[in-house]
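Reading through the structure tokens given below for one structure.
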Amino acid sequence: MLNTVVLSAILIISAATIGLIYRVIKGPTTPDRVVALDAIGINLVAIVALISIALNTSAFVEVILLIGILAFIGTVAFSKYLEKGVIIENERDR
Amino acid sequence: MSLLHLAIISPFLLAILVPIAYKLFRQIHTGWFVLPLPILLFSYFISYLSITSDQQSVTKSFSWIPALGIDFAAKVDGLGLLFALLISGIGSLVVLYSIYYLDKNKEQLNTFYVYLLLFMGAMLGVVLSDNLIVLYTFWEFTSFSSFLLIGYWYHREKSRYGAQKSMIITVFGGLSMLGGIILLYLMTGTFSISEIIAGSDEIFSHSLFVPALLCFLIGAFTKSAQFPFHIWLPDAMEAPTPVSAYLHSATMVKAGIYLVARMSPVFAEHSLWLWLIAGFGITTLFWGSFSAVKQTDLKAILAFSTVSQLGMIMSLLGIGAAALHFETVDDSYFTVATTAAVFHLINHATFKGSLFMVAGIVDHETGTRDIRKLGGLMNFMPITFTLAVIGTFSMAGLPPFNGFLSKEMFFTGMVRVLEMDIFNLDTWGFLFPVLAWVASVFTFIYSMILVFKTFTGKFQPEQLEKKPHEAPIGMLISPIILASLVIIIGFFPNIIANTLISPAQAAIMPVEGYVYDTHIYFWHGFTPELFMTLGVITLGILLFVTLPKWRRVYDFLPEKLALNRFYDSGLSGIQHVAHKFTKWYMNGSIRNYLVYIFTFFIITLLSVLFLKGAFKFDASNVSAIRFSEIVLALVIAIGAITIMFVKSRLTSIILLGAVGYTVALFFVLFRAPDLALTQLVIETISVALFLLCFYHLPQIKDEERMPFKATNAVISIGVGLVITLIAFSAHSNKLFDSISQYYIDNTYEKAAGKNMVNVILVDFRGFDTMFEITVLAIAALGIFGMIKLRLGGGKKNENK
């Protein structure tokens, strides 16, 4: 029972990811792509969590946390880039 | 190390001291410090005469590289001693001559005598070595020092050209000879010439015998300026005249003759040996004498004459090999050719040396060597004229000089070819006496040109740079000694017959128990040879007198056949073709090089896979495919394929990131948490770096899709296919179990860890990790350096 549920959940999320990938490819603007990427990151968290349930292991908890952090940092960096044109501002340029 | 070894290397030792003497005693001509050594060597080698006259030899060995069978074995036998006497004897005379020829204030005497001594030592080493590798070492030393001597006046373009040409040709031959030496070593297992000769019967039928023979002959022909390799010798005339007299008439060009004579006992059994040596020798004889007639430069005439005379000696050595095939009662019937070869070798060294010195004197005292400007010098230079007459008449083969005797014997040898019935000589053999006779006519003509155009006829003072006068006595001593030798040998040939010629002949054709007893007669009776000589003289005089009428023959004939043109166009052609080829395949485009690399990769691996039948597909050991894996694989495939077709670079970067993250998911699926963690972080950073690069790219107006190229598509599909096939095949061919069970068992037991990946990284295989860390450190430092150090940029180097 559990396996069926997990598997169908993975399927649904994968379908959602494919939809998001379509958005990443198609565009039409860069913010669209960034938002889609952020959503893909969250979907990855879900997929990893589901896979660890399916594999019956707790070894991937760190991966889940890491994806969360990376997705956040990445999205923030992208947003800053889109807004200011630079990611790291170098005020103290000698 | 014995005294003999010391004698061989003494010129090298003195060469070290010469520059010191030159610096310390500037007011004394450096040549005086050099002169005693060749005289000393000459008298030392004279002392061996008593040994070799009894057909004995002396061998002294000195260990050099015993593990490879290379010993500095010095052997003095008849042949080696003859050459050693020529080298040291003429060497002394040349040094004496050069003292007066070269000005001590204008010339760099230290380098001259260093090169000359190097050459002398190398030449002694060549003729006295009994070990082939040692012989080769000295052989290359002669090429090298000859290169230095020809290019002595290195500020002249023609000197450099001549030096380069002689270097290329003689080193080509030298390397070929090295090949022959190695082949001989493969056949016999020794480098020692004596041992090879002793065991020469066994190698006759060996499959490497003929290649070895050819290799040795190329070496000998290039060194001895045989057709078609003779072209370097006339250009070597840019050297100072003492050098021409020494190297290019008496010693170095005879190294090839020496080699042929020395290797005769090994190779002469084979018909190729006779045919090639005699054939090329007689061709060289004819071509050299024919070309000499048209030259207008004294030294050029002498150079072609040297070529021609070397061809004569060579052909005699070839014909002499036939004697081995006749086991008749009258052994000496066919050996006369070898006797003539050795005899003419001595004669040629004497008269050609003196003639070169005469040419040098004429050049020195009038300022030109062009026979069109010279003439009527007889009254100004009576002694030089006398010397020239003796030398040229001997060269032309007139009595009573020594050239007459050897030419008579040469004709005898050639006429006797007619009676040989081996190796098809009965059908083509008649060419030998005919060609020999025609060549002798030309020899006569150029000899006469040499002496009469220079010393008789109209005196043209306005053409000359200096007012001609007789040379200083010091300059005349050497040619006088050589010319008197010409006369002495001419009148009393038998004083050298049994001391020098017979022992040398015994070394060339060692026959058990047979003692060569050479006797040279002035008068043979009314033999064909005598009439041939008479014919040469008659026709020669006739043609010489009518020379202006038929000289036009040369205007169109030899220019077309000149081998120099082949050499020059060949050399520049090789350069041109190589340049074109390099330009064609090395066009600087990295795409191109990648095409080569990948094509090579596909061709080699695919051909090995299928030619060797290595491909195998075995699905028995494959685990079941899960649905999630298919989905992930599809995602990766779609991502990777889309990268190729998208327009914008930004999209490509994002897609690449997507592929990287999916790989991380694969790691999750295949239960590799550490890999997944690292992959995620690294992928994020590298995508960020890509974006950084993207941001700094120059603005392109229209970002275009990657252009499609069929070759690229084929190659990329090929690479993918090859890798896939190899992966299938490797998986299907697993031979042994994995060693991972050890790690599973011992990760906690021995290394106190539960995370196996990390234990392997830092404990079981920690060494790799250390260097991975180093790689990262280097990369970081490199990036830092590249950003900070901008040499040639606006900022100055900040490190300073």
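If you read the sequences in order, they're chains A and B.
Residues 20 to 113 (the numbering used here) make up the first sequence, in order.
Residues 3 to 802 (the numbering used here) make up the second sequence, in order.
Backbone N, C-alpha and C define an ideal beta-carbon position, used for all residues, glycine too.
> Of the residues that make up the stretch 651-676 of chain B, which ones have a beta carbon closer than 8 angstroms to any beta carbon in chain A?
Replying inline: Leu652, Thr653, Ile656, Leu657, Gly659, Ala660, Tyr663, Ala666, Leu667, Val670, Leu671, Arg673, Pro675
> Can you give the Cα-Cα distance for B/Phe533 and B/Leu88, rounded to whole angstroms?
Replying inline: By 1-based counting over the second sequence, the position of residue 533 of chain B is 531. By 1-based counting over the second sequence, the position of residue 88 of chain B is 86. Spanning the two alpha carbons is a distance of roughly 33 angstroms.
> Quick one: Cα of B/Asn349 to Cα of B/His31, how far?
Replying inline: By 1-based counting over the second sequence, the position of residue 349 of chain B is 347. By 1-based counting over the second sequence, the position of residue 31 of chain B is 29. Taking the straight line from one Cα to the other gives about 31 angstroms.
>> Mapping the DSSP letters down to three states, classify B/Lys551 as helix, strand or coil.
In response: For the purposes of this step, residue 551 of chain B is taken as residue 549 along the second sequence, with counting starting at 1. In the structure shown, B/Lys551 sits in a helix (DSSP, three-state: H, G or I).
> Is A/Asn22 helix, strand or coil by DSSP?
Replying inline: The residue labelled residue 22 of chain A in the question sits at position 3 within the first sequence. Helix, per DSSP.
>> When you compare the CB of B/Ala715 with every CB in chain C, is at least one pair closer than 7 angstroms?
In response: The structure shown contains no chain C; its protein chains are A and B.
> In chain B, what lies closer than 7 angstroms to A/Leu21 by C-beta?
Replying inline: The residue labelled residue 21 of chain A in the question sits at position 2 within the first sequence. By Cβ distance, chain B contributes nothing, its closest Cβ being about 16 angstroms from A/Leu21, past 7 angstroms.
>> For the stretch 91-111 of chain A, list every residue whose C-beta sits within 9 angstroms of some C-beta in chain B, in sequence order.
In response: Ile92, Gly93, Ala96, Phe97, Tyr100, Gly104, Val105, Ile106
> Given that B/Val633 touches chain A, what residues does it touch there, using C-beta distances under 7 angstroms?
Replying inline: Counting from one through the second sequence, the residue named residue 633 of chain B turns up at place 631. Near B/Val633 (Cβ distances below 7 angstroms), the residues of chain A are Ser33.
>> Beta-carbon within less than 6 angstroms of A/Tyr100's beta-carbon, same chain only, minus the 5 sequence neighbours each way: which residues are those?
In response: Position 81 of the first sequence holds residue 100 of chain A. So the list reads Ile106, once near-sequence residues are dropped.
>> Whole angstroms are fine: how far does the CA of A/Ser33 sit from the CA of A/Val24?
In response: Numbered from its first residue, the first sequence carries residue 24 of chain A at position 5. Numbered from its first residue, the first sequence carries residue 33 of chain A at position 14. Roughly 14 angstroms separates the two Cα atoms.
>> I need the straight-line Cα distance from B/Ser486 to B/Leu37, nearest angstrom please.
In response: For the purposes of this step, residue 486 of chain B is taken as residue 484 along the second sequence, with counting starting at 1. For the purposes of this step, residue 37 of chain B is taken as residue 35 along the second sequence, with counting starting at 1. Distance between the alpha carbons of B/Ser486 and B/Leu37 is about 21 angstroms.
>> Short of 8 angstroms Cβ to Cβ, which residues in the stretch 40-51 of chain A face chain B?
In response: Ile40, Val43, Ile44, Gly46, Thr49
> Is it true that the CB of B/Ser100 sits closer than 7 angstroms to the CB of B/Gly33?
Replying inline: Translated into the one-based positions of the second sequence, residue 33 of chain B becomes position 31. Translated into the one-based positions of the second sequence, residue 100 of chain B becomes position 98. Against a cut-off of 7 angstroms, the Cβ pair of B/Ser100 and B/Gly33 comes out as a contact.
> Distance, Cα to Cα, A/Asn22 vs B/Pro675?
Replying inline: Taking the first sequence and counting its residues from 1, the one referred to as residue 22 of chain A is at position 3. Taking the second sequence and counting its residues from 1, the one referred to as residue 675 of chain B is at position 673. Approximately 21 angstroms, taken between the alpha carbons.
> Given that A/Ala65 touches chain B, what residues does it touch there, using C-beta distances under 9 angstroms?
Replying inline: The residue given as residue 65 of chain A occupies position 46 in the first sequence. Near A/Ala65 there are no residues of chain B at all, since even the closest Cβ is about 11 angstroms away, more than 9 angstroms.
> Would the beta-carbon of B/Asn404 fall within 7 angstroms of that of B/Ile491?
Replying inline: Translated into the one-based positions of the second sequence, residue 404 of chain B becomes position 402. Translated into the one-based positions of the second sequence, residue 491 of chain B becomes position 489. Yes.
>> Given this structure, state the Cα-to-Cα distance separating B/His208 from B/Ser202, to the nearest angstrom.
In response: Sequence index remark: in the second sequence, residue 208 of chain B carries index 206 (1-based). Sequence index remark: in the second sequence, residue 202 of chain B carries index 200 (1-based). Each residue's Cα considered, the two are about 11 angstroms apart.
>> 7 angstroms is my cut-off, CB to CB: does A/Ile70 come that close to chain B?
In response: The residue you call residue 70 of chain A lines up with position 51 of the first sequence. Yes - at least one Cβ of chain B is within 7 angstroms of the one on A/Ile70.
>> Could you check whether the stretch 372-381 of chain B touches the stretch 108-122 of chain B, counting it as contact only if at least three pairs of C-beta atoms, one from each stretch, sit closer than 8 angstroms?
In response: no
> Opposite B/Ser194 in the DSSP bridges: which residues?
Replying inline: Counted from its first residue, the second sequence places residue 194 of chain B at position 192. B/Asn133.
> Among the residues of its own chain, which have a CB less than 7 angstroms from the CB of B/Asp248, if the five just before and after it don't count?
Replying inline: As a working mapping, residue 248 of chain B is identified with position 246 in the second sequence. It is worth fixing the name first, because residue 248 of chain B is Tyr in this sequence and not Asp. Excluding sequence neighbours, B/Tyr248 sits near Ile92, Gly93, Val96.
> First and last residue of the alpha helix (DSSP H) that includes B/Ser202?
Replying inline: Along the second sequence, one-based indexing puts residue 202 of chain B at 200. Looking at the DSSP string, the run of the alpha helix (DSSP H) that includes B/Ser202 is 202-205.
> What span of residues does the beta strand (DSSP E) with B/Ala76 cover, start to end?
Replying inline: Walking along the second sequence from the start, residue 76 of chain B turns up at place 74. Run containing B/Ala76: 76-78, per the beta strand (DSSP E) assignment.
> Helix, strand or coil: which one does DSSP assign to A/Thr36?
Replying inline: Stepping through the first sequence from its first residue, residue 36 of chain A is reached at position 17. A/Thr36 falls in the helix class under three-state DSSP.
> Identify the residues that DSSP records as bridge partners of B/Thr243: which are they?
Replying inline: Taking the first residue of the second sequence as position 1, residue 243 of chain B is located at position 241. None, per the DSSP bridge assignment.
> So which residues of chain B does A/Ala78 contact, with C-beta pairs closer than 8 angstroms?
Replying inline: In the first sequence, residue 78 of chain A corresponds to position 59, counting from 1. Here the neighbours are Arg673, Pro675.
> Taking B/Lys354 as the reference, which of B/Ala305, B/Asn500, B/Val419 has the closest Cα?
Replying inline: Within the second sequence, residue 354 of chain B is the residue found at index 352, counting from 1. Cα-wise, what sits closest to B/Lys354 is B/Ala305.
> Within this structure, are the beta carbons of B/Ser317 and B/Ala280 separated by less than 7 angstroms?
Replying inline: By one-based count along the second sequence, residue 317 of chain B stands at place 315. By one-based count along the second sequence, residue 280 of chain B stands at place 278. For B/Ser317 and B/Ala280, yes; Cβs fall inside 7 angstroms.
>> Quick check on the DSSP output: the beta strand (DSSP E) that includes B/Ser65 runs from which residue to which?
In response: On the second sequence, position 63 is the one that residue 65 of chain B refers to. It spans 65-67 - the beta strand (DSSP E) in which B/Ser65 sits, taken as one unbroken run.
>> Please classify B/Cys217 as buried or exposed, where buried requires at least 16 other C-beta atoms within 10 Å of its C-beta.
In response: Start at 1 with the first residue of the second sequence, and residue 217 of chain B comes out as number 215. Result: buried.
> What residue from B/Thr340, B/Pro550, B/Leu186 has the CA that sits closest to B/Met511's CA?
Replying inline: Within the second sequence, the letter at position 509 stands for residue 511 of chain B. Comparing Cα positions, the closest option is B/Thr340.
>> Among B/Ile719, B/Ser734, B/His7, B/Phe528, whose alpha-carbon lies nearest the alpha-carbon of B/Leu608?
In response: Within the second sequence, the letter at position 606 stands for residue 608 of chain B. For the residues B/Ile719, B/Ser734, B/His7, B/Phe528, the minimum Cα distance to B/Leu608 belongs to B/Ile719.
>> In whole angstroms, give me the CA-to-CA distance for B/Ile684 and B/Thr713.
In response: Numbered from 1 along the second sequence, position 682 holds the residue referred to as residue 684 of chain B. Numbered from 1 along the second sequence, position 711 holds the residue referred to as residue 713 of chain B. Approximately 33 angstroms, taken between the alpha carbons.
> Within 7 angstroms (strictly less), CB to CB, does A/Leu17 reach chain B?
Replying inline: Outside the shown range of chain A (20 to 113) lies residue 17 of chain A, about which nothing can therefore be said.
>> Suppose you measure from the CA of B/Ser591 to the CA of B/Met708; what does that come to, to the nearest Å?
In response: The count along the second sequence starts at 1 and reaches residue 591 of chain B at position 589. The count along the second sequence starts at 1 and reaches residue 708 of chain B at position 706. If you take the alpha carbons of B/Ser591 and B/Met708, they lie about 17 angstroms apart.
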